[in-house]
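**Q** Please find one structure pasted underneath; my questions will follow.
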Amino acid sequence: MDKGSIKLAPSILSADFAHLGEQVAEAERAGADRIHVDIMDGHFVPNISMGAPVVQSLRKVTSLPLEIHMMITDPDFFLDDFVKAGSDSFIVHWEGNNNLHRTVQRIKALRKQVGVAINPSTPAAVLGEILPDLDQVLVMTVNPGFGHQSFIYSTLPKIRRVSHMIAEATPTCDLEVDGGIDQATAQLTVDAGANVLVAGSAIFGANVGVCAAMQKLRGGIKSNGLILRSEQRFDFTKERLCS
Ligand code: DX5
Ligand code: ZN
46 MDKGSIKLAP SILSADFAHL GEQVAEAERA GADRIHVDIM DGHFVPNISM
96 GAPVVQSLRK VTSLPLEIHM MITDPDFFLD DFVKAGSDSF IVHWEGNNNL
146 HRTVQRIKAL RKQVGVAINP STPAAVLGEI LPDLDQVLVM TVNPGFGHQS
196 FIYSTLPKIR RVSHMIAEAT PTCDLEVDGG IDQATAQLTV DAGANVLVAG
246 SAIFGANVGV CAAMQKLRGG IKSNGLILRS EQRFDFTKER LCS
């Protein structure tokens, strides 16, 4: 797994669902690295969103990896449906899963990438034993359930801690952040060790269009002088001119 560049994962939760295909295609043309799909059931989080049919439709319009963020109480029940629909990776939550190891092994048996997410109040230490099995960790930087929320700054030291844990246990594992990521907070999370940025409202909710919003997000980091941990850099070859 290439950890040398910072990756962008646009979250379609804030997209215009009447134009979802076009918006995802625009994100791909603008150099997105993966598409983040938020699945909510109204139980695990106080909101509902979408299911496997949306993934099936998206599979036809993009060749980017489709990353499924499972904010549902029983992720195991739905894995097969999402795999059939064309999903490439799953992120499941530590919270509420009494058999996380089993869920992780099931995803691996399906030959899909697997990540574990932790909420803002969940300590980094819970990842210790499961970390060697993971392709990525997702540190939630808002409480899951909604787009357009404000970044929770107390998650920054935790991102740093998780980054150190990953470096020791499994250096190829991605460290992703999700929630309230914009031009300003992106830089802070990257400085703390994140290498994959999920952004919903900053990409699909901006009035400037998807491509320009992605340029702005990348630019927010670039313009700050950018002293990144280790050799991490944005892959600027992914930048595209917006028409
Ligand atoms: C929130 C979701 C996020 C959401 C982020 O529970 O997991 O992926 O789309 O939205 P923004 O970037 O607007 O905070
Ligand atoms: Zn998400």
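Just add 45 to the spot in the sequence shown (first one is 1) and you have my numbering. Heads up, the beta-carbon is just placed ideally off N, CA and C, and yes, glycines get one too.
Please indicate yes or no: does the CB of residue 114 lie closer than 7 angstroms to some heavy atom of ligand 2?
**A** It does: the Cβ of residue 114 is within 7 angstroms (strictly closer) of some heavy atom of ligand 2.
**Q** Among the residues of its own chain, which have a CB less than 8 angstroms from the CB of residue 102, if the five just before and after it don't count?
**A** Cβ within range, chain order: 65, 66.
**Q** Pull up the DSSP beta-bridge partners for residue 55, would you.
**A** DSSP, once it has assigned bridges, lists 244 as partnering residue 55.
**Q** Let's test the definition: count the other Cβ atoms within 10 Å of the Cβ of residue 252 and tell me whether it reaches 16, buried, or not, exposed.
**A** So residue 252 counts as exposed.
**Q** CB of residue 231 to nearest heavy atom of ligand 1: below 7 angstroms?
**A** False, no ligand heavy atom lies under 7 angstroms from that Cβ.
**Q** Who are the near neighbours of residue 61 in its chain, counting only those whose CB is closer than 8 angstroms to its CB and skipping five residues on each side?
**A** Here the set comprises 68, 249.
**Q** Given a cut-off of 8 angstroms on the beta-carbon distance, is the pair residue 182 and residue 56 in contact?
**A** No, these two residues do not count as a Cβ contact at 8 angstroms.
**Q** With residue 167 and residue 139 assumed to form a contact (beta carbons below 8 angstroms), what rounded beta-carbon distance in angstroms separates them?
**A** Yes, they are in contact, since the Cβ atoms of residue 167 and residue 139 sit about 6 angstroms apart, within 8 angstroms.
**Q** In terms of residue numbering, what span does the beta strand (DSSP E) encompassing residue 111 cover?
**A** Residues 111 to 116.
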